[in-house]
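J.: Residue numbers for the sequence shown follow the numbering used here, so the first one is 3 and each next one is one higher.
C-beta: ideal position from N, C-alpha, C; glycine also.
On a predicted model such as this, the values are computed, not experimentally measured, just so you know.
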Amino acid sequence: MPKAVNLSFLGTCSGGGPLLNRSCSSSLIDVSGPVWMVDCAEGTLRQLMLSGIKMSRLRRIFITHLHADHCLGVVPVMSNLMSGAGGTERTDLRLEVYGLSGLRELIRTTLKITKLQLNGRYAVHELLHPGETPYPCAQEELHGNELPGRDIYLNSLGYVFREPPQTSRLELTQIMDPINRNKEALAKIGFSPPFKVIDHILSIRQPYTLPDGYVIDPPSQIPGRKLVILGDTHDPWAMKDLAMDASVLVHEATNAYIPPNLLRSGRSSGPPSEEAVRAKAISRGHSTPGMAGEFAKAINAQRVILNHFSARFQPADSSPSYTWSSSSRTPRQHHGRGRSGDDDKARVIREIERQATSAWLESSDPSKWPTAVAAWDFLSIDIREHEARDNMNADITDLRDQRNG
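1. What are the start and end residues of the beta strand (DSSP E) that includes D32?
2. On the three-state DSSP scale, how would you describe R349?
3. Which two residues bound the contiguous alpha helix (DSSP H) that contains A187?
4. Mind checking which residues open and close the alpha helix (DSSP H) that includes C2?
5. Helix, strand or coil for R62? Go by DSSP, reduced to three states.
6. Suppose you measure from the CA of L188 to the CA of N182; what does that come to, to the nearest Å?
7. Relative to the alpha-carbon of V7, which residue among H236, F163, I191 and T211 has its alpha-carbon at the smallest distance?
8. Apart from the five residues on each side of it in sequence, which residues of its chain come closer than 6 angstroms, Cβ to Cβ, to G19?
9. Between the Cα of G226 and those of Q208, R59, Q168 and P195, spot the shortest distance and give me the residue it belongs to.
10. Using only alpha-carbon positions, find the residue among L60, R48, E44 and L105 that is nearest to S34.
11. Mapping DSSP to helix, strand and coil, what is G292?
12. Starting from G287, follow its DSSP beta bridges and name the residues at the other end.
13. Between which residues of its own chain and P238 is the CB-CB distance below 6 angstroms, once the five residues before and five after are set aside?
14. Once DSSP output is grouped into helix, strand and coil, what is the label at I224?
15. Going by C-alpha to C-alpha distance, which of H131, G160, P138 and H145 sits closest to V252?
16. For L363, which of helix, strand or coil comes out of DSSP?
17. Is the distance from the Cβ of L144 to the Cβ of P136 below 8 angstroms?
18. Does D219 come out as helix, strand or coil in the three-state DSSP assignment?
19. Within the continuous beta strand (DSSP E) that includes I154, where are the two ends?
20. Can you tell me the Cα-Cα spacing of D400 and L381, whole angstroms?
21. Would A396 be called buried (16 or more neighbouring beta carbons within 10 Å of its own) or exposed?
22. Taking R171 as the reference, which of F193, L204 and N147 has the closest Cα?
23. So, is M80 buried or exposed, given that buried needs 16 or more other C-beta atoms within 10 angstroms?
24. Among A358, R48 and L9, whose alpha-carbon lies nearest the alpha-carbon of N36?
25. Between G410 and M84, what straight-line distance do the alpha-carbon atoms span, to the nearest angstrom?
26. For I307, report the span of its beta strand (DSSP E) as first-last.
27. Hey, out of D234, M241, I31 and N263, whose CA is closest to N438's CA?
28. Cα separation between F193 and I224?
29. Grab the span of the beta strand (DSSP E) containing A248 for me, first residue to last.
30. Could you pull out every residue in the same chain whose Cβ sits closer than 6 angstroms to the Cβ of Q357, ignoring the five residues on either side in sequence?
31. Does DSSP classify T399 as helix, strand or coil?
32. Select from W362, A377, P196 and L47 the residue whose C-alpha is nearest the C-alpha of I63.
33. Compute the Euclidean distance between the alpha carbons of I177 and I191, then round it to the nearest angstrom.
34. In the structure shown, what three-state DSSP assignment does I231 receive?
35. Can you tell me whether R152 is buried or exposed? The criterion is at least 16 other CB atoms within 10 Å of its CB, across all chains shown.
36. Can you list, in chain order, the residues of its chain whose CB lies under 8 angstroms from that of L21, leaving out five sequence neighbours each side?
Here's what the structure looks like:
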């Protein structure tokens with residue numbers, strides 16, 4: 003079985019933050035060795051330290067766009083990772099950063115003005131829309147610790163991390179008797195010893211019929227895992243083809259309509275209807291939970307995680323752990339930071355999850371809610387395989403529990 007890919011959230015608030023209990027945008031992908039970061043808001047360095055994940059494992063940072071709540075933590079993270087204080091001077095490439103045009107200049111200018119001393123090299127690869135001019139990588143333009151980066155042209159921006167399909171094992175116990183039974187006949191056609199036929203089956207990747215008519219099927223392909231992480235968006239549809247059949251979709255849900263009857267005050271401070279909230283979100287380049295669910299349905303996502311919440315939507319006082327069910331793709335709360343309270347914050351978070359789930363699965367059965375999960379800071383998900391299954395589930399925990407455990 004492939005090793006689990008871990009997805010963790012260091013910050014889940016929109017630009018209205020940070021809050022005391024939500025930092026601004028950043029998440030981590032841990033591939034059992036290197037760690038990659040998606041977005042790096044101001045304050046991410048401290049969140050990373052609190053997570054218990056070793057800074058030295060960070061290899062790449064992917065910035066979705068250059069809003070302050072997504073990129074202003076890059077240089078502090080670089081400063082810590084590539085500290086020039088003491089030790090042996092390094093000249094190797096230690097960090098690669100990906101982002102839109104201007105990211106090179108932001109990093110160069112900040113390093114120059116603050117006179118930070120780095121140890122090692124970094125490279126910035128700019129993602130450019132057709133016709134856009136990249137920031138130069140001529141030698142005279144580079145920072146002293148910078149290596150030239152690539153200019154990558156594209157038509158849309160979001161990040162898809164895709165694992166190639168893997169081959170399952172051939173069940174030898176099931177085919178040994180048929181092969182031995184055909185030993186003499188196999189020798190006559192060049193398979194001596196007879197188990198050479200196994201190598202042949204693995205090479206042709208097609209069913210093979212033994213001389214007596216018994217058919218041996220090649221091992222099946224295990225779908226690779228696919229993580230789709232979007233930044234601020236009100237229109238993700240250019241990413242649809244790339245995002246199809248996502249193992250996990252991480253989609254923003256900045257704004258949401260919360261019915262007044264869910265609040266003890268009976269009053270909602272936001273727009274008066276779901277349609278009005280949706281219109282406001284779109285006008286500002288953002289999404290609602292329902293919009294996230296609609297995209298999840300269109301790409302046949304296996305799991306949906308919501309993030310980038312308005313400062314209005316604070317996490318509940320504590321947060322749950324879930325496991326995923328293959329039959330309904332429903333996470334079941336089982337232990338850890340329970341969030342079953344009846345305060346306003348808990349009801350609001352459950353409503354946000356309900357709205358996304360309803361659009362994603364078109365389910366009207368409350369027993370299957372919540373399925374989409376509203377992320378909180380330090381949420382940690384082990385993605386063990388593409389599909390969400392009972393026997394090989396994706397465990398959701400909290401990095402703080404793992405660190406203290």
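T.: Quick look at the numbers:
1. S28 to D32
2. helix
3. K185 to K190
4. Since the displayed the chain opens at 3 and closes at 407, residue 2 lies outside it and no answer follows.
5. strand
6. 9 angstroms
7. F163
8. C26 and A313
9. Q168
10. L60
11. helix
12. Per DSSP, none; premise fails for G287.
13. L232 and F297
14. strand
15. G160
16. helix
17. no
18. coil
19. D153 to Y155
20. 5 angstroms
21. For A396, the predicted model reports a pLDDT of 44, less than 50, meaning its position is unreliable; a value from the coordinates is still stated below. A396 is buried by the Cβ-count criterion.
22. L204
23. buried
24. Residue identity check: residue 36 is Pro in the sequence provided, not Asn. Closest option to P36, Cα to Cα, is L9.
25. The displayed coordinates of the chain run from 3 to 407. Any statement about residue 410 would go beyond what the structure contains.
26. V306 to N309
27. A query on residue 438 cannot be resolved here, the shown segment of the chain reaching from 3 to 407 and no further.
28. 28 angstroms
29. Per DSSP, A248 belongs to no beta strand (DSSP E) and is neither H nor E.
30. P291 and G292
31. strand
32. L47
33. 18 angstroms
34. strand
35. exposed
36. C15, A313 and Q316
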